[in-house]
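Sequence positions in the sequence shown follow our numbering and run 1 to 96. Cβ atoms here follow ideal geometry from the backbone N, Cα and C, with glycine treated the same way. Working notes for the structure below.
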Amino acid sequence: MIDALVVTSHASISAFALNARLPTMHGNRESVAAGGLISYGPNFPELWRRSADYIDKILRGAKPADIPVEQPAKFDLVKWSQSVGVCFTVLRHFSS
Numbered sequence: 001m002i003d004a005l006v007v008t009s010h011a012s013i014s015a016f017a018l019n020a021r022l023p024t025m026h027g028n029r030e031s032v033a034a035g036g037l038i039s040y041g042p043n044f045p046e047l048w049r050r051s052a053d054y055i056d057k058i059l060r061g062a063k064p065a066d067i068p069v070e071q072p073a074k075f076d077l078v079k080w081s082q083s084v085g086v087c088f089t090v091l092r093h094f095s096s
């Protein structure tokens, strides 16, 4: 799980790792954009879309206790790629 300390410090963590020539793996693509090597984690735009579905169901009258809890279903594997002129490329979307 990604915590607030890592999220707010991802630029410093990536800078330290780059200077020390250490590979880093993260749980979100923003850390790769800041210089991390690779990330594997949930596709956050997909999670937000699913959240909107929950809100829609609640606004239409469903009881929140009756709505099943879902786990993330779509994951991204992202790597740093300077050779193609962008800061990161999505290698693959994984769905369960």
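Buried or exposed for Thr8, going by 16 or more other Cβ atoms inside 10 Å?
exposed
Contact check, Val78 vs Ile13, beta carbons under 9 Å:
no
Could you give the C-beta distance for Pro42 and Lys63, rounded to a whole number, given that I count them as a contact under 8 Å?
Not a contact, Cβ separation roughly 26 Å.
Measuring only the C-alpha atoms, how far is Leu5 from Ser31?
13 Å
Report yes if the CB atom of Gly35 is closer than 9 Å to the CB atom of Ala11, and no otherwise.
yes
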